[in-house]
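Q:
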Amino acid sequence: MELAKDAIKQRSKNDKEKYGKFWELFEQRRRKNIVHPIHAASAFLNPAYMCSSNFREDRETKEGISFMHENLVKEEEKPDFMKEIQLYQMKVSTLFSPTSKTMLETSHPCKFN
Numbered sequence: 000m001e002l003a004k005d006a007i008k009q010r011s012k013n014d015k016e017k018y019g020k021f022w023e024l025f026e027q028r029r030r031k032n033i034v035h036p037i038h039a040a041s042a043f044l045n046p047a048y049m050c051s052s053n054f055r056e057d058r059e060t061k062e063g064i065s066f067m068h069e070n071l072v073k074e075e076e077k078p079d080f081m082k083e084i085q086l087y088q089m090k091v092s093t094l095f096s097p098t099s100k101t102m103l104e105t106s107h108p109c110k111f112n
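Take numbering that gives the first Met the number 0: the final residue in the sequence shown is number 112, and no numbers are missing along the way.
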């Protein structure tokens with residue numbers, strides 16, 4: 000969603016008079032259509048988005064991760080889950096190597112076989 004908002008802003012040559020109304024409509028629609036916090040978490044967990052220069056971790060993302068932690072992760076796995084999330088947030092080189100970044104740009108996840 001942030002990518003779409005940025006594209007609208009750029010196409011409007013950063014003129015808030017032009018893009019402001021679009022953003023308002025976009026926000027109204029977004030609030031209606033994001034049915035669940037897990038949608039925001041899934042965007043965060045998409046490595047192509049996570050590695051893009053447009054990525055911003057926002058309140059909805061944090062709420063989505065919290066929802067997953069509280070409702071989807073077994074109690075005994077919660078510490079490991081949070082460690083993995085922290086590694087992912089830091090974009091550690093073992094997860095985001097040059098090879099993996101190239102694959103993000105050139106391959107669809109379904110074709111990683």
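Cβ atoms here follow ideal geometry from the backbone N, Cα and C, with glycine treated the same way.
Remember, predicted model here, so these are calculated numbers, not experimental data.
Give me the residue from Ala42, Lys73, Asn53 and Cys50 with the minimum Cα distance to Glu62.
A: Ala42
Q: Hey, would you say Ser11 sits closer than 9 Å to Phe25, going by beta carbons?
A: no
Q: My guess is that Pro46 and Leu103 are in contact by the Cβ rule of under 8 Å, so how many angstroms apart are they, rounded?
A: The beta-carbon distance between Pro46 and Leu103, rounded to whole angstroms, is 6 Å. This is short enough to meet the 8 Å contact definition.
Q: Can you give, in chain order, each stretch of the alpha helix (DSSP H) that sits fully within the segment 23-106 and has at least 4 residues?
A: Counting only runs of 4 or more, we get 36-43, 46-49, 58-70, 77-89 and 97-105.
Q: Between Ser41 and chain C, is the shortest Cβ-Cβ distance under 9 Å, so that the two count as touching?
A: Any reference to chain C falls outside this structure, which holds one protein chain only.
Q: For Ala3, is the classification buried or exposed, using 16 other Cβ atoms within 10 angstroms of its Cβ as the cut-off for buried?
A: Exposed, by the Cβ-count rule.
Q: Going by C-alpha to C-alpha distance, which of Gln27, Leu94, Lys31 and Arg28 sits closest to Leu44?
A: Leu94
Q: Is it right to say Ala39 is buried, meaning 16 or more other beta carbons lie within 10 angstroms of its own, or is it exposed?
A: buried
Q: Pick from Arg30, Pro36 and Lys15: whose alpha carbon is nearest that of Leu71?
A: Closest by alpha carbon: Pro36.
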